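*Asks:* So that we are looking at the same thing, I have put the structure below in C-alpha coordinates.
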(Lines of atoms letter the chains of each structure in order from A and count residues from 1; the text may use other names and numbers.)
(Lines give C-alpha, C1' and ligand atoms only; values in the text may rest on other atoms or scores of the structure.)
Protein backbone atom coordinates (compact mmCIF):
# COMPACT_ATOMS: atom_id res chain seq x y z
CA UNK A 1 0.00 0.00 0.00
CA UNK A 2 2.85 2.37 0.87
CA UNK A 3 4.48 1.57 -2.48
CA UNK A 4 1.26 2.43 -4.35
CA UNK A 5 0.98 5.77 -2.52
CA UNK A 6 4.62 6.52 -3.38
CA UNK A 7 3.99 5.84 -7.09
CA UNK A 8 0.83 7.95 -7.09
CA UNK A 9 2.72 10.81 -5.44
CA UNK A 10 5.29 10.74 -8.23
CA UNK A 11 2.75 10.28 -11.03
CA UNK A 12 2.84 12.86 -13.86
CA UNK A 13 -0.06 15.19 -14.53
CA UNK A 14 -1.17 13.08 -17.51
CA UNK A 15 -1.54 10.01 -15.29
CA UNK A 16 -3.58 12.01 -12.76
CA UNK A 17 -5.87 13.21 -15.55
CA UNK A 18 -6.41 9.58 -16.58
CA UNK A 19 -7.04 8.51 -12.98
CA UNK A 20 -9.60 11.30 -12.46
CA UNK A 21 -11.42 10.35 -15.67
CA UNK A 22 -11.53 6.63 -14.82
CA UNK A 23 -12.63 7.27 -11.21
CA UNK A 24 -15.35 9.63 -12.46
CA UNK A 25 -16.68 6.96 -14.82
CA UNK A 26 -16.49 4.30 -12.09
CA UNK A 27 -18.46 6.43 -9.62
CA UNK A 28 -21.01 7.27 -12.32
CA UNK A 29 -21.44 3.60 -13.27
CA UNK A 30 -21.75 2.34 -9.68
CA UNK A 31 -24.14 5.12 -8.63
CA UNK A 32 -26.20 5.23 -11.84
CA UNK A 33 -29.59 4.86 -10.07
CA UNK A 34 -28.65 7.72 -7.74
CA UNK A 35 -27.24 10.14 -10.31
CA UNK A 36 -29.72 9.51 -13.15
CA UNK A 37 -32.71 11.87 -12.87
CA UNK A 38 -35.07 9.41 -14.64
CA UNK A 39 -35.34 5.62 -15.10
CA UNK A 40 -33.21 4.02 -17.81
CA UNK A 41 -35.94 3.03 -20.29
CA UNK A 42 -38.98 5.08 -19.24
CA UNK A 43 -40.62 7.51 -21.65
CA UNK A 44 -40.75 10.71 -19.62
CA UNK A 45 -41.52 13.37 -22.23
CA UNK A 46 -42.22 14.13 -25.86
CA UNK A 47 -39.78 12.93 -28.49
CA UNK A 48 -36.74 15.04 -29.37
CA UNK A 49 -37.20 17.71 -26.74
CA UNK A 50 -34.42 20.35 -26.74
CA UNK A 51 -31.90 20.79 -23.93
CA UNK A 52 -33.89 22.38 -21.11
CA UNK A 53 -34.97 21.54 -17.58
CA UNK A 54 -35.85 18.90 -16.51
CA UNK A 55 -34.31 17.15 -19.55
CA UNK A 56 -30.95 18.90 -19.57
CA UNK A 57 -29.68 16.90 -22.57
CA UNK A 58 -33.06 16.54 -24.25
CA UNK A 59 -35.00 13.37 -25.05
CA UNK A 60 -34.66 10.72 -27.76
CA UNK A 61 -37.11 9.35 -30.35
CA UNK A 62 -39.10 7.52 -27.65
CA UNK A 63 -39.16 10.42 -25.20
CA UNK A 64 -36.51 8.91 -22.90
CA UNK A 65 -34.19 11.24 -21.01
CA UNK A 66 -30.81 11.32 -22.78
CA UNK A 67 -28.80 12.24 -19.66
CA UNK A 68 -30.24 9.29 -17.74
CA UNK A 69 -29.45 6.91 -20.59
CA UNK A 70 -25.90 8.24 -20.82
CA UNK A 71 -25.40 7.59 -17.10
CA UNK A 72 -26.89 4.09 -17.28
CA UNK A 73 -24.85 3.51 -20.43
CA UNK A 74 -21.71 3.96 -18.32
CA UNK A 75 -22.83 1.06 -16.12
CA UNK A 76 -23.82 -1.21 -19.01
CA UNK A 77 -21.10 -0.53 -21.58
CA UNK A 78 -18.18 -0.17 -19.16
CA UNK A 79 -19.37 -2.97 -16.87
CA UNK A 80 -19.76 -5.49 -19.68
CA UNK A 81 -16.41 -4.45 -21.18
CA UNK A 82 -14.70 -4.91 -17.80
CA UNK A 83 -16.18 -8.39 -17.28
CA UNK A 84 -15.26 -9.38 -20.83
CA UNK A 85 -11.68 -8.14 -20.45
CA UNK A 86 -11.27 -9.95 -17.12
CA UNK A 87 -12.51 -13.20 -18.68
CA UNK A 88 -10.24 -12.75 -21.72
CA UNK A 89 -7.25 -12.21 -19.43
CA UNK A 90 -8.09 -15.21 -17.28
CA UNK A 91 -8.22 -17.45 -20.36
CA UNK A 92 -5.34 -15.93 -22.32
CA UNK A 93 -2.87 -15.41 -19.47
CA UNK A 94 -3.54 -18.83 -17.92
CA UNK A 95 -2.95 -20.74 -21.15
CA UNK A 96 -0.08 -18.48 -22.21
CA UNK A 97 1.86 -18.92 -18.97
CA UNK A 98 1.15 -22.66 -18.94
CA UNK A 99 2.22 -23.08 -22.58
CA UNK A 100 5.55 -21.37 -21.93
CA UNK A 101 6.19 -23.21 -18.66
CA UNK A 102 5.04 -26.69 -19.70
CA UNK A 103 6.51 -26.61 -23.21
CA UNK A 104 6.57 -29.98 -24.95
CA UNK A 105 3.57 -30.85 -27.13
CA UNK A 106 1.20 -28.48 -25.31
CA UNK A 107 2.98 -25.28 -26.42
CA UNK A 108 2.89 -25.80 -30.23
CA UNK A 109 -0.68 -27.15 -30.20
CA UNK A 110 -2.00 -24.23 -28.13
CA UNK A 111 -0.05 -21.75 -30.29
CA UNK A 112 -1.45 -23.16 -33.55
CA UNK A 113 -5.03 -22.99 -32.24
CA UNK A 114 -4.44 -19.36 -31.30
CA UNK A 115 -2.91 -18.65 -34.73
CA UNK A 116 -6.04 -20.01 -36.43
CA UNK A 117 -8.31 -17.80 -34.31
CA UNK A 118 -6.13 -14.74 -34.90
CA UNK A 119 -6.18 -15.30 -38.67
CA UNK A 120 -9.96 -14.64 -38.76
CA UNK A 121 -10.93 -10.93 -38.71
CA UNK A 122 -12.43 -10.37 -35.23
CA UNK A 123 -15.38 -8.23 -36.33
CA UNK A 124 -16.46 -10.66 -39.07
CA UNK A 125 -16.05 -13.65 -36.74
CA UNK A 126 -18.05 -11.92 -33.97
CA UNK A 127 -20.82 -10.91 -36.39
CA UNK A 128 -21.05 -14.50 -37.68
CA UNK A 129 -21.17 -16.13 -34.24
CA UNK A 130 -23.60 -13.59 -32.77
CA UNK A 131 -25.90 -13.95 -35.79
CA UNK A 132 -25.99 -17.73 -35.20
CA UNK A 133 -26.20 -17.78 -31.38
CA UNK A 134 -28.21 -14.62 -30.85
CA UNK A 135 -27.26 -11.31 -29.29
CA UNK A 136 -27.62 -12.03 -25.59
CA UNK A 137 -25.26 -10.42 -23.06
CA UNK A 138 -23.73 -13.83 -22.20
CA UNK A 139 -23.06 -14.66 -25.86
CA UNK A 140 -21.54 -11.21 -26.41
CA UNK A 141 -19.18 -11.59 -23.44
CA UNK A 142 -18.09 -15.13 -24.34
CA UNK A 143 -17.46 -14.42 -28.04
CA UNK A 144 -15.41 -11.26 -27.46
CA UNK A 145 -13.54 -12.82 -24.51
CA UNK A 146 -12.44 -15.82 -26.61
CA UNK A 147 -11.38 -13.59 -29.51
CA UNK A 148 -9.43 -11.22 -27.28
CA UNK A 149 -7.82 -13.97 -25.20
CA UNK A 150 -5.70 -14.90 -28.24
CA UNK A 151 -3.82 -11.56 -28.01
CA UNK A 152 -3.32 -12.02 -24.28
CA UNK A 153 -2.06 -15.56 -24.88
CA UNK A 154 0.64 -14.36 -27.28
CA UNK A 155 1.85 -11.63 -24.94
CA UNK A 156 1.84 -13.72 -21.75
CA UNK A 157 3.61 -16.60 -23.51
CA UNK A 158 6.32 -14.31 -24.90
CA UNK A 159 6.89 -12.62 -21.53
CA UNK A 160 6.96 -15.95 -19.69
CA UNK A 161 9.50 -17.45 -22.11
CA UNK A 162 11.90 -14.60 -21.31
CA UNK A 163 11.41 -15.08 -17.56
CA UNK A 164 11.91 -18.87 -17.73
CA UNK A 165 15.49 -18.40 -18.95
CA UNK A 166 16.50 -16.71 -15.68
CA UNK A 167 18.75 -18.40 -13.15
CA UNK A 168 16.23 -18.24 -10.30
CA UNK A 169 13.85 -20.40 -12.34
CA UNK A 170 16.54 -23.08 -12.66
CA UNK A 171 17.20 -22.88 -8.93
CA UNK A 172 13.48 -23.33 -8.21
CA UNK A 173 13.31 -26.34 -10.51
CA UNK A 174 16.37 -27.86 -8.86
CA UNK A 175 14.62 -27.46 -5.50
CA UNK A 176 11.83 -29.61 -6.92
CA UNK A 177 9.17 -26.91 -7.16
CA UNK A 178 6.08 -27.93 -9.13
CA UNK A 179 4.59 -26.39 -12.26
CA UNK A 180 1.86 -24.33 -10.58
CA UNK A 181 4.27 -23.07 -7.91
CA UNK A 182 6.61 -21.82 -10.64
CA UNK A 183 3.79 -20.06 -12.47
CA UNK A 184 2.26 -18.55 -9.32
CA UNK A 185 5.39 -17.58 -7.40
CA UNK A 186 8.02 -16.87 -10.05
CA UNK A 187 6.58 -16.25 -13.52
CA UNK A 188 3.36 -14.36 -12.75
CA UNK A 189 4.85 -11.76 -10.33
CA UNK A 190 7.60 -10.91 -12.81
CA UNK A 191 5.15 -10.70 -15.71
CA UNK A 192 2.66 -8.55 -13.78
CA UNK A 193 3.75 -5.10 -15.08
CA UNK A 194 3.36 -5.76 -18.84
CA UNK A 195 0.19 -7.76 -18.21
CA UNK A 196 -1.37 -4.91 -16.19
CA UNK A 197 -0.55 -2.46 -18.97
CA UNK A 198 -1.95 -4.87 -21.55
CA UNK A 199 -5.14 -5.18 -19.46
CA UNK A 200 -5.73 -1.45 -19.90
CA UNK A 201 -5.16 -1.62 -23.64
CA UNK A 202 -7.33 -4.72 -24.01
CA UNK A 203 -10.09 -3.01 -22.05
CA UNK A 204 -10.05 -0.13 -24.54
CA UNK A 205 -10.21 -2.49 -27.51
CA UNK A 206 -13.03 -4.53 -25.95
CA UNK A 207 -14.89 -1.36 -24.96
CA UNK A 208 -14.66 0.01 -28.51
CA UNK A 209 -15.50 -3.40 -30.01
CA UNK A 210 -18.70 -3.70 -27.96
CA UNK A 211 -19.68 -0.15 -28.94
CA UNK A 212 -19.04 -0.98 -32.62
CA UNK A 213 -21.20 -4.12 -32.42
CA UNK A 214 -23.96 -2.14 -30.69
CA UNK A 215 -23.76 0.49 -33.43
CA UNK A 216 -24.24 -2.31 -35.97
CA UNK A 217 -27.20 -3.69 -34.01
CA UNK A 218 -25.55 -6.89 -32.73
CA UNK A 219 -24.21 -5.69 -29.39
CA UNK A 220 -26.16 -4.68 -26.29
CA UNK A 221 -29.81 -4.72 -27.30
CA UNK A 222 -32.52 -2.10 -26.62
CA UNK A 223 -34.04 -0.99 -24.33
CA UNK A 224 -30.78 -1.39 -22.38
CA UNK A 225 -28.83 1.87 -22.57
CA UNK A 226 -25.55 1.55 -24.46
CA UNK A 227 -23.33 4.26 -25.90
CA UNK A 228 -22.76 2.53 -29.25
CA UNK A 229 -26.49 2.00 -29.69
CA UNK A 230 -27.18 5.61 -28.67
CA UNK A 231 -24.85 6.85 -31.42
CA UNK A 232 -26.80 4.77 -33.96
CA UNK A 233 -30.18 5.95 -32.67
CA UNK A 234 -29.26 9.64 -32.71
CA UNK A 235 -27.12 9.72 -35.89
CA UNK A 236 -30.12 10.61 -38.07
CA UNK A 237 -30.62 13.82 -36.06
CA UNK A 238 -27.54 15.39 -37.65
CA UNK A 239 -29.53 16.01 -40.84
CA UNK A 240 -32.30 17.78 -38.91
CA UNK A 241 -30.05 20.16 -36.99
CA UNK A 242 -30.64 23.82 -37.69
CA UNK A 243 -27.79 25.89 -36.32
CA UNK A 244 -29.76 29.13 -36.58
CA UNK A 245 -31.11 28.59 -33.04
CA UNK A 246 -29.56 26.90 -30.03
CA UNK A 247 -32.54 24.62 -29.40
CA UNK A 248 -32.48 23.05 -32.87
CA UNK A 249 -28.67 23.07 -32.99
CA UNK A 250 -28.65 20.60 -30.08
CA UNK A 251 -30.09 17.93 -32.40
CA UNK A 252 -26.79 17.88 -34.26
CA UNK A 253 -24.90 17.43 -30.98
CA UNK A 254 -26.94 14.39 -29.87
CA UNK A 255 -24.71 11.71 -31.49
CA UNK A 256 -21.58 13.43 -30.15
CA UNK A 257 -22.59 12.90 -26.51
CA UNK A 258 -22.23 9.08 -26.38
CA UNK A 259 -19.35 9.22 -28.90
CA UNK A 260 -17.57 11.76 -26.69
CA UNK A 261 -18.15 9.56 -23.63
CA UNK A 262 -16.51 6.64 -25.45
CA UNK A 263 -13.56 8.77 -26.58
CA UNK A 264 -12.98 10.35 -23.15
CA UNK A 265 -12.83 7.01 -21.32
CA UNK A 266 -10.48 5.60 -23.97
CA UNK A 267 -8.14 8.57 -23.51
CA UNK A 268 -8.24 8.27 -19.71
CA UNK A 269 -7.37 4.56 -19.72
CA UNK A 270 -4.55 5.09 -22.23
CA UNK A 271 -3.02 7.84 -20.08
CA UNK A 272 -2.89 5.43 -17.13
CA UNK A 273 -1.47 2.65 -19.33
CA UNK A 274 1.30 4.95 -20.56
CA UNK A 275 2.22 5.73 -16.95
CA UNK A 276 2.24 2.04 -15.95
CA UNK A 277 4.46 1.17 -18.93
CA UNK A 278 6.80 4.02 -18.05
CA UNK A 279 7.12 2.75 -14.47
CA UNK A 280 7.62 -0.88 -15.49
CA UNK A 281 10.32 0.05 -18.01
CA UNK A 282 12.45 1.59 -15.26
CA UNK A 283 12.98 4.79 -17.26
CA UNK A 284 13.46 8.06 -15.41
CA UNK A 285 12.40 11.54 -16.51
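Residue numbers (my numbering): 4 to 288.
Backbone N, C-alpha and C define an ideal beta-carbon position, used for all residues, glycine too.
What you are looking at is a predicted structure, and each value in this text was computed from that prediction instead of being measured.
Using C-beta distances below 8 Å, list every residue in its chain close to residue 46, excluding the 5 sequence neighbours before and after it, in chain order.
*Replies:* 65, 66, 67
*Asks:* Buried or exposed: residue 233, going by 16 or more other Cβ atoms within 10 Å of its Cβ?
*Replies:* buried
*Asks:* List the endpoints of the continuous alpha helix (DSSP H) containing residue 236.
*Replies:* That run of the alpha helix (DSSP H) goes 230–237.
*Asks:* Below 8 Å on the Cβ atoms is my contact criterion, and I expect residue 61 with residue 257 to pass it. Report the Cβ-Cβ distance as a whole number of Å.
*Replies:* 7 Å
*Asks:* Is residue 132 a contact residue of the ligand MG, with contact defined as CB to any heavy atom under 7 Å?
*Replies:* Although the ligand MG was asked about, the structure shown includes no ligands whatsoever.
*Asks:* Please state the DSSP three-state secondary structure of residue 67.
*Replies:* strand
*Asks:* Between which two residues does the alpha helix (DSSP H) harbouring residue 80 extend?
*Replies:* It is not in any alpha helix (DSSP H) - residue 80 carries neither H nor E in the DSSP assignment.
*Asks:* Counting pairs of Cβ atoms below 8 Å between the region 113–123 and the region 196–203, do you hit three or more?
*Replies:* no
*Asks:* Do the region 201–220 and the region 171–190 touch if we need at least three Cβ pairs shorter than 8 Å?
*Replies:* no
*Asks:* Measuring alpha carbon to alpha carbon, tell me which residue in 190, 16, 237, 23 is nearest residue 268.
*Replies:* 23
*Asks:* Between residue 228 and the rest of its own chain, which residues show a CB-CB distance below 7 Å, the 5 nearest in sequence each way excluded?
*Replies:* 43, 72, 75, 76, 79
*Asks:* So residue 1 and residue 205 are supposed to be a Cβ contact under 8 Å. How far apart are they, rounded?
*Replies:* Missing from the structure shown is residue 1; the chain here goes from 4 to 288 and no further.
*Asks:* Does residue 141 pass the burial test, meaning 16 or more other C-beta atoms within 10 Å, or should it be called exposed?
*Replies:* exposed
*Asks:* Determine the contact status of residue 144 and residue 104, defining contact as a CB-CB distance below 8 Å.
*Replies:* no
*Asks:* Give, in chain order, every unbroken run of the alpha helix (DSSP H) that is at least 4 residues long and sits entirely within the region 150–217.
*Replies:* If we require 4 residues or more, the alpha helix (DSSP H) runs fully inside the region 150–217 come out as 170–177.
*Asks:* Taking the C-alpha atoms as reference points, what is the distance between residue 226 and residue 217?
*Replies:* 12 Å
*Asks:* Report the residue from 150, 58, 135 whose alpha carbon sits nearest the alpha carbon of residue 126.
*Replies:* 150
*Asks:* Could you tell me which residues DSSP puts in a beta bridge with residue 62?
*Replies:* 68
*Asks:* Kindly indicate which three-state DSSP category residue 97 falls into: helix, strand or coil?
*Replies:* helix
*Asks:* Flag this pair as yes or no: are the beta carbons of residue 14 and residue 278 separated by less than 8 Å?
*Replies:* yes
*Asks:* Below 8 Å on the Cβ atoms is my guess for residue 260 versus residue 69; work out the distance and round it to an integer in Å.
*Replies:* 7 Å
*Asks:* Taking C-beta to C-beta, are residue 155 and residue 99 nearer than 8 Å?
*Replies:* Yes, these two residues count as a Cβ contact at 8 Å.
*Asks:* Report the rounded CA-to-CA distance for residue 168 versus residue 220, giving the unit in angstroms.
*Replies:* 48 Å
*Asks:* Let me know the secondary structure DSSP gives residue 55 once reduced to three states.
*Replies:* strand
*Asks:* Since residue 90 and residue 148 are thought to touch, with beta carbons under 8 Å apart, how far apart are those beta carbons, to the nearest angstrom?
*Replies:* Going by Cβ atoms, the distance from residue 90 to residue 148 rounds to 4 Å, so yes, they are a contact pair.
*Asks:* Give me whichever residues DSSP pairs with residue 302 in a beta bridge.
*Replies:* For the chain, the structure presents residues 4 to 288; residue 302 sits outside this window and is missing.
*Asks:* Where does residue 114 sit, in a helix, a strand or coil, going by DSSP?
*Replies:* helix
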